[in-house]
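Peer 1: Structure incoming, see below.
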Ligand SMILES: [Zn+2]
Ligand SMILES: [Zn+2]
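Residue numbers (this note's numbering): 706 to 803.
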């Protein structure tokens, strides 16, 4: 799978990132003021995290789900650096493997 194309999208008064998900949603994750990562887990099962340490946050989140849920899919995962508000920001994503 290729890296999804992320584009800016406002969320709760902050600048976040979204992508064309394939479901009716506009899943948007925005980092906090201090750069702490924000996460969005779409209804269709795709997850992305935007902010400092995004990959670590995503890994911990998925590990927790795997440990606590009966049915948890495997994910195709990746990271990217995307410009947000004129600065590069870390993005980590995990999309379920059908
Ligand atoms: Zn959706
Ligand atoms: Zn979706």
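Positions of the beta carbon are idealized from the N, C-alpha and C atoms, including for glycine.
#1: So for residue 708, helix, strand or coil by DSSP?
#2: Can you tell me whether residue 766 is helix, strand or coil according to DSSP?
#3: Label residue 775 either buried or exposed according to how many other C-beta atoms from any shown protein chain fall within 10 Å of its C-beta, with 16 as the threshold for buried.
#4: Helix or strand or just coil, what does DSSP make of residue 738?
#5: With a threshold of 16 other CB atoms inside 10 Å of the CB of residue 727, please say whether the residue is buried or exposed.
#6: Should the segment 714-721 be called in touch with the segment 767-784, which here means at least 3 C-beta pairs below 8 angstroms?
#7: If you measure from each CB to the nearest heavy atom of ligand 1 and keep those under 6 angstroms, what residues do you get, in chain order?
Peer 2: Taking the definition as stated:
#1: Reading the chain shown from its first residue, position 3 is the one you call residue 708. Here residue 708 sits in coil by DSSP.
#2: The sequence position of residue 766 within the chain shown is 61, counting from 1. Helix at residue 766.
#3: One-based indexing of the chain shown puts residue 775 at position 70. By the neighbour-count rule (16 or more Cβ atoms within 10 Å), residue 775 is not buried but exposed.
#4: The residue you call residue 738 lines up with position 33 of the chain shown. Three-state DSSP puts residue 738 in coil, outside helix and strand.
#5: Numbered from its first residue, the chain shown carries residue 727 at position 22. That one is exposed.
#6: no
#7: 728, 729, 730, 747, 748 and 749
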